[in-house]
Amino acid sequence: MHRRRVIEAAYLDALTHLPDALAPSPEVRAQAIEALLLLDQALGGLPARVRETFLLSQLDGLTYSAIAQRLGISVAAVRKYMLRAAQACHAALNPMP
Amino acid sequence: MTMAAPAPVASAPLQQALSWQATLWSGEVSIAERARFEQWLAADPVHAHAWAQVQQTEDRLQALTLTGTAAASALRATSAASRGSRRAVLGMAGLLGAASVAALAVRQTPQWQLATADHSTARGQRRDIALPDGSRLTLGSATAVNLRYGAAERLVLLHAGEVFITTAADAQAPGHAFLVQTTEGRVQAIGTQFISGVYSLDDTDHALVGDGGAALTGAAASFFWSNRSTFSFSFGKQVRPPRMAHGAWRSRQFPEPSDEKDTPMPTTTTAAHPQAHRPRLALTPLHHAVLLAGMAGVLSPARAQAQTQAAAIRHDIPAGTLDQVPTRFATHAGILLSIDGALTAGKTSPGLQGSYSAQGGLKALLVGSGLEAVADSTSRGYVLRKAACSSTPPASAPAEGATLPQVTVAAQATRTHEETGVRCGPQPQAKGTMAGHSQSTGHHNPGLVTPVLVDAATGTVTDERPMPWYMKALFLSQPLHFGDYGGLSLKIIWALLTLITIVVLGSGIFLWLSKSSNARTRAPAFPTVGRR
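The listed protein sequences correspond, in order, to chains G and C.
First residue of the first sequence: 2, per our numbering; consecutive thereafter.
First residue of the second sequence: 40, per our numbering; consecutive thereafter.
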């Protein structure tokens with residue numbers, strides 16, 4: 002319950018920085034928060050480096066080589082981490098496999 | 040923290056699809072890779088189905104990333120918060136551990152025990168406490184006691200100071216012993232009144248017997264004290280409570296045996312046995328001084344004292360030495376009387392018959408002795424001293440009863456704790472050991488003593504128990520552990536060094552923990568070059 006509130010607060014806080022035209026509808030917001038919560042749970046169980054890799058790739062849109070450079074790891078490692086994160090996300094967002 | 044969801048191992052095609060997704064997410068897929076992906080997708084309709092599933096997840100993720108920075112910062116914020124909370128939990132655990140260790144240590148200190156005692160008095164204060172069984176407890180100045188009263192025992196834990204106890208016979212369980220536990224030993228009340236004290240000021244600990252007496256635990260009736268050590272004086276095999284006046288414990292003498300009639304034994308006496316010889320102990324000046332120093336806070340219920348001093352009581356005390364007669368009188372009259380054995384030595388008293396008040400009786404007793412009894416305001420009792428005009432020479436009369444030769448017990452400190460001489464007055468040397476007086480040797484290991492049992496009648500050592508090696512090791516390590524051999528400044532240094540050690544240990548653990556968690560989050564010192 003505590004986590005949900007933290008995520009909601011962080012999400013809504015981030016939304017306030019967006020221009021009004023881009024602001025999502027309440028329905029989208031609710032779905033987004035729901036998905037975020039699932040995703041957060043899935044990522045929470047992953048090692049910190051895997052989580053960071055996933056966020057850099059999916060949210061910041063960095064390429065694997067850019068991530069590898071930034072984190073000081075090999076591209077192969079990035080791909081390995083991304084596979085692990087993809088498996089976790091798939092399990093979290095698709096309860097029916 | 041949420042536990043990791045197990046990676047879905049639904050099927051091989053799904054795993055392959057996820058693997059391809061991870062590849063395609065790279066943002067820099069080569070043409071060859073793209074071609075191989077197309078091949079895989081076309082190879083089997085199952086592959087296409089699995090890929091469709093993966094794409095669903097992808098779509099939901101895409102929906103999230105549409106909100107862009109909002110989602111990103113939300114996820115980042117929460118993951119940072121979770122890391123922060125983990126650190127906080129670790130820190131809290133460390134603090135709690137240190138605090139509990141400190142609390143345990145503090146609870147062992149005498150100061151803590153004093154502060155948390157059931158009943159205590161401040162310096163210069165006196166308090167009366169009625170115990171559940173009707174016994175009365177008078178706490179002297181700076182005294183702290185805990186009471187353990189139950190069906191099984193009547194125990195008073197004396198942490199500091201001194202108590203005057205008037206025991207009541209336990210109605211429910213006759214013979215239900217009344218015990219006083221001090222840091223040095225356990226005292227059992229045989230009679231109805233006794234005084235027990237812990238004198239930390241001069242490191243003496245002694246049980247003082249009052250009306251009816253008290254016995255220390257052990258086979259033989261004994262009376263122990265001294266500077267940081269234990270002396271046991273054997274009165275023979277039979278335990279017989281010395282019958283003492285209230286004031287007798289202030290004097291240096293044990294009373295001579297007397298007939299049973301004039302002062303009936305108190306109710307709870309169990310070990311009474313007529314004993315042919317009663318020793319007469321005279322202590323060395325050192326002990327005398329120690330005893331008198333301990334006397335400063337003599338206890339007596341003031342009200343009762345005032346009554347007994349004024350009332351005239353019929354006395355019938357036979358003639359005897361000047362040690363016994365006033366002592367017996369004090370017992371009978373119920374007053375405190377302090378007798379200096381040096382003054383009364385060799386003198387006799389004609390005894391006392393008739394009704395006298397306390398003051399008048401004492402005066403009559405002391406006729407011809409050259410001594411007088413003066414009221415002592417601090418103890419609310421009387422003190423014998425040389426009369427201002429002592430012209431009458433002491434009358435000489437045969438002493439009543441069998442007076443044993445005077446036995447003087449002195450001891451020397453030794454660093455080896457092996458064997459020292461116990462000088463026994465005019466008697467030849469006897470063997471015995473004791474811990475040194477702290478002022479004479481500066482040795483600070485009170486535990487390293489060898490208890491010896493000295494037969495007071497003959498001055499010989501009847502028993503000696505060597506200390507087991509493990510106890511020796513324990514006591515030897517004690518000053519090293521507590522650093523209590525060099526005064527307060529050393530103790531403070533010791534405590535600071537201990538704290539530093541704890542800090543080093545704790546910070547080391549913290550660094551190790553944070554290093555192992557950083558290894559997963561941060562870049563290594565030498566980043567490996569990405570291979571493509």
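The beta carbon of each residue, even a glycine, is placed where N, CA and C say it ideally should be.
This one's a predicted model, so the numbers in the text were calculated from it and none came from an experiment.
Below 8 Å between beta carbons: does that hold for residue i and residue j?
| i | j | result |
| --- | --- | --- |
| W64(C) | F76(C) | no |
| P507(C) | T489(C) | no |
| F217(C) | R193(C) | yes |
| I68(G) | S58(G) | yes |
| V413(C) | S377(C) | no |
| G189(C) | F549(C) | no |
| D41(G) | I8(G) | yes |
| V184(C) | A154(C) | no |
| G200(C) | L176(C) | no |
| Y395(C) | A351(C) | yes |
| I541(C) | A137(C) | yes |
| Y65(G) | E67(C) | yes |
| G420(C) | H354(C) | no |
| R166(C) | H158(C) | yes |
If contacts are defined as beta-carbon pairs under 8 Å, then residue i and residue j qualify, I think. What distance do you get, rounded to the angstrom?
| i | j | result |
| --- | --- | --- |
| G409(C) | S388(C) | Not confirmed; about 12 Å, so no contact. |
| T160(C) | S174(C) | Contact flag wrong, Cβ pair sits at about 18 Å. |
| A43(G) | A15(G) | With a Cβ gap of about 20 Å, A43(G) and A15(G) do not count as contacting. |
| M83(G) | A534(C) | That belief does not hold up - the Cβ atoms of M83(G) and A534(C) are roughly 55 Å apart, past 8 Å. |
| L361(C) | K386(C) | 4 Å |
| Q95(C) | N95(G) | 6 Å |
Nearest CA to the CA of residue i: which residue from the options?
| i | options | result |
| --- | --- | --- |
| A10(G) | I74(G), S26(G) and L38(G) | L38(G) |
| R50(G) | V79(G), I8(G) and A87(G) | V79(G) |
| Q392(C) | K386(C), H371(C), E411(C) and T383(C) | H371(C) |
| A93(G) | V493(C), Q92(C), A397(C) and L513(C) | Q92(C) |
| D172(C) | G200(C), I204(C) and D157(C) | I204(C) |
| Q32(G) | Y12(G), P48(G) and L47(G) | Y12(G) |
| R367(C) | A74(C), G390(C), D167(C) and Y509(C) | G390(C) |
| R162(C) | A144(C), L143(C), L176(C) and T182(C) | T182(C) |
| G380(C) | A169(C), L492(C), Y524(C) and R424(C) | R424(C) |
| F521(C) | S69(C), V145(C), G66(C) and V128(C) | V145(C) |
| E503(C) | H198(C), V202(C) and L492(C) | L492(C) |
| H91(G) | L63(G), P48(G), A36(G) and R4(G) | A36(G) |
| R4(G) | S26(G), P27(G), T17(G) and I34(G) | I34(G) |
Let me know if residue i comes out buried or exposed under the rule of 16 or more other beta-carbons within 10 Å of its beta-carbon.
| i | result |
| --- | --- |
| K554(C) | exposed |
| R99(C) | buried |
| R85(G) | buried |
| L515(C) | exposed |
| I531(C) | exposed |
| L53(C) | buried |
| G251(C) | Here G251(C) scores only 37 on pLDDT, less than 50, and its place in the model should not be relied on; the value that follows carries that caveat. Buried: at least 16 other Cβ atoms inside 10 Å. |
| A81(C) | exposed |
| E97(C) | buried |
| P365(C) | buried |
| H86(C) | buried |
| G130(C) | exposed |
| T537(C) | exposed |
| V572(C) | Nothing can be reported for residue 572(C), as the shown portion of chain C is limited to 40 through 571. |
| Y509(C) | exposed |
| P313(C) | Low confidence applies here, because P313(C) scores a pLDDT of 35, under 50, leaving its location unreliable; read the following figure in that light. The residue in question, P313(C), is exposed, as its Cβ has fewer than 16 Cβ neighbours within 10 Å. |
| A89(C) | buried |
| E53(G) | buried |
| V406(C) | exposed |
| I374(C) | buried |
| G526(C) | exposed |
| A51(C) | exposed |
Find the residues of chain G that neighbour residue i, judging by a C-beta separation of less than 7 Å, and give them in chain order.
| i | result |
| --- | --- |
| W64(C) | S58 and M83 |
| E85(C) | For clarity, residue 85(C) is Val in the given sequence; the question names Glu instead. Those do not exist, as V85(C) stays about 14 Å from chain G at its closest Cβ, beyond 7 Å. |
| Q92(C) | N95 |
| Q60(C) | A87 |
| Q95(C) | N95 |
Starting from the beta carbon of residue i, find every residue of chain G whose beta carbon is closer than 9 Å, and list them in chain order.
| i | result |
| --- | --- |
| L100(C) | A36, L40, Q59, C90 and L94 |
| E77(C) | The premise fails here: E77(C) is roughly 19 Å from chain G at the closest Cβ pair, so nothing lies under 9 Å. |
Run down chain G in chain order and give the residues with a C-beta less than 8 Å from the C-beta of residue i.
| i | result |
| --- | --- |
| L57(C) | L84, A87, Q88 and H91 |
| E67(C) | T64, Y65 and S66 |
Can you name the residues of chain C whose CB is closer than 8 Å to the CB of residue i?
| i | result |
| --- | --- |
| R80(G) | A61, T62 and S65 |
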